[in-house]
Structure formats: C-alpha cells, structure tokens
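> The structure under discussion is supplied below as structure tokens; questions concerning it will follow.
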Amino acid sequence: MKLKKKIKIVISADGGAGSGKTTGSRLIAKKFGLELLSSGLLYRYCAYKLLKKNKFRNKKIFLKKIVKKITNKKLKNKNLYNPEVTEYTSTIAKIKFVRDLLRSFQENFAKSGKCILEGRDIGTVILPGAKSDLKLFFKCSLNTKAKRRFLEYKKNNKKITFKQVKNALKLRDLEDTKRKISPLRPAKGAVIVDTSKINIKQMSARLFHIVYVALKKKYGKSL
Numbered sequence: 043m044k045l046k047k048k049i050k051i052v053i054s055a056d057g058g059a060g061s062g063k064t065t066g067s068r069l070i071a072k073k074f075g076l077e078l079l080s081s082g083l084l085y086r087y088c089a090y091k092l093l094k095k096n097k098f099r100n101k102k103i104f105l106k107k108i109v110k111k112i113t114n115k116k117l118k119n120k121n122l123y124n125p126e127v128t129e130y131t132s133t134i135a136k137i138k139f140v141r142d143l144l145r146s147f148q149e150n151f152a153k154s155g156k157c158i159l160e161g162r163d164i165g166t167v168i169l170p171g172a173k174s175d176l177k178l179f180f181k182c183s184l185n186t187k188a189k190r191r192f193l194e195y196k197k198n199n200k201k202i203t204f205k206q207v208k209n210a211l212k213l214r215d216l217e218d219t220k221r222k223i224s225p226l227r228p229a230k231g232a233v234i235v236d237t238s239k240i241n242i243k244q245m246s247a248r249l250f251h252i253v254y255v256a257l258k259k260k261y262g263k264s265l
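Counting from 43, one number per residue, gives the positions in the sequence shown under my numbering.
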C-alpha cells in the first residue's frame, strides 16, 4: 500500500530482545513505504567505533563527532554484531550521556513524518504522547524467542547451546526492565503485539490491520 504524499504517520515499536519488533517493523516499513530506524543499531555503531578506535577516555567528544556522521550504510556493517560489540553495547546503553545523544538523532529522524522507529524506549522516551501516531509493544514468551535466536546464532556459532541463548535473553530482559534509565515497558496507549504463537504471515496480517486502523482514525475517508 503506497501512501499518498500528504499522508504522514510516525510509529514507535518497542519490545525486548527476540520479541519480533525488528521483523515486524521491517514488514510495516516495506508495506507502507516508511523509513525505518532501529535504535539498537545506533548503540551498536557507537560501541563498535569506541572499541575500534580505543576512545574510552575521550568518549563524549568522540561520540559527538561520529553521531553526526551516521548513515544507513554505516549501520549495515556486519561487524556491529560481533560478540565483543554486542557485550559493550549493553554497557554504553546504560550511560545517560549516550542515550541523550542518540535521542536527539532519533527525534530528528522522526521529523520526516513518514517513518517507524524501533527499540526499547521509543514510545516512552523518544516519541512520547502525540509525537507518534501509533505505539506498538512487542512481547514473546522466553522459550519461543530463545528458539528463534538459537536458530539464528547457530548459523555463525555451531557450538552455542539453546540453554546459553535462553539464559542470555532472560538476563537481557531483566536488565532492560530493571535499569534506572529508560526501563523497558509499554507506552501509555500502546497496542500489544504478542508474537509467541504466530508466524510471519499472521504477524503481517495483524500489523497491517493495526496500522491501517491508525491511518483511518487519523485521516478518515481521505486516506
């Protein structure tokens, strides 16, 4: 469904690791022709650059420079998923300065008026209240998302076990919900999307209906 030029919609999509928010956001972006930004990639990129340049002492000055030069192409770097980067990403994501810096980047991205931002605090911090037309919150049972991540990780790491993946996700969820800065929780008025027992086709149908309803509510018959 190609939206008319005058049609604007800003969507926030939040959820824990493996909840389906990234897959769901990609489906929506492709279907409705929206720009997509995954906030997790921003944190991964910052972590990657800090590790690569060994800029731990002058962290603030260095990050201010690189954030200004972030592009979609740079966020597609496969090195952003290295284990070392993944581990350090969790560390810097807890730092208020880093979150504030990337918050500005995300707020500017949303100004296009035709986009979807996915992460862990988009609907509560980055685009609270009326700053987003539709707020989604993805959730999934621990066993289901562990199975999904296990199959994904197994491609690059034959020795990894299901138990390791499950424990890592359980710990990540606990850290996200208990952290002092921007804890993971549904935004007020968010539509809950439980992906525990649905496949991609079913997820697509549900999400497309939710977005269409939001568009009809905003534009009525002029959609």
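C-beta: ideal position from N, C-alpha, C; glycine also.
Only a predicted model underlies this, so the values are computations on that prediction, with no experimental measurement involved.
#1: Cα separation between L176 and K187?
#2: By how many angstroms is the C-alpha of P170 removed from the C-alpha of L79?
#3: Under 7 Å Cβ to Cβ from R86, same chain only, skipping five residues before and after it: list those, please.
#4: Taking DSSP as the reference, what is the three-state secondary structure of G155?
#5: CB-CB under 6 Å to K208, same chain, minus the five flanking residues each way: which ones, in chain order?
#6: Is the Cβ-Cβ distance between R191 and A89 less than 9 Å?
#7: Between the Cα of S238 and the Cα atoms of F180, K259 and I103, which residue gives the shortest distance?
#8: With a cut-off of 8 Å on the beta carbons, I'd call L84 and L144 a contact; round off their distance for me.
#9: Please report the residue range of the alpha helix (DSSP H) in which L105 lies.
#10: Where does K181 sit, in a helix, a strand or coil, going by DSSP?
#11: With a threshold of 7 Å on Cβ separation, who are the neighbours of K136 within its own chain once the five nearest residues in sequence on each side are excluded?
#12: Among K73, V140 and C157, whose alpha-carbon lies nearest the alpha-carbon of N100?
#13: What does the alpha-carbon distance come out to for the pair S54 and E194?
#14: For V52 and S174, which I take to be in contact (beta-carbon distance under 8 Å), what is that distance rounded to the nearest angstrom?
#15: Would you identify the three-state DSSP class for A135, choosing helix, strand or coil?
#16: So E77 and S146 are supposed to be a Cβ contact under 8 Å. How far apart are they, rounded?
#17: Which term fits V255, buried or exposed, when burial requires 16 or more other beta carbons within 10 angstroms of its beta carbon?
#18: Looking at the structure shown, is I49 part of a helix, part of a strand, or coil, going by DSSP?
#19: What is the rounded straight-line gap between the Cα of N114 and the Cα of K201?
#20: Compare the beta carbon distance of L178 and L211 with 9 Å and say whether it is the shorter of the two.
#21: Using a Cβ-Cβ cut-off of 6 Å (strictly less than) and excluding sequence neighbours within five positions of A71, which residues of its own chain qualify?
#22: When you compare the CB positions of F104 and L117, do they come within less than 9 Å of one another, or not?
#23: Taking DSSP as the reference, what is the three-state secondary structure of I234?
If we stick to the structure as given:
#1: 24 Å
#2: 16 Å
#3: L122, V127 and T131
#4: coil
#5: A188
#6: no
#7: F180
#8: 5 Å
#9: K101 to V109
#10: strand
#11: R221 and I223
#12: V140
#13: 25 Å
#14: 5 Å
#15: coil
#16: With 8 Å as the limit, E77 and S146 do not qualify as a contact, their Cβ atoms being about 17 Å apart.
#17: exposed
#18: coil
#19: 32 Å
#20: no
#21: L78 and I158
#22: no
#23: strand
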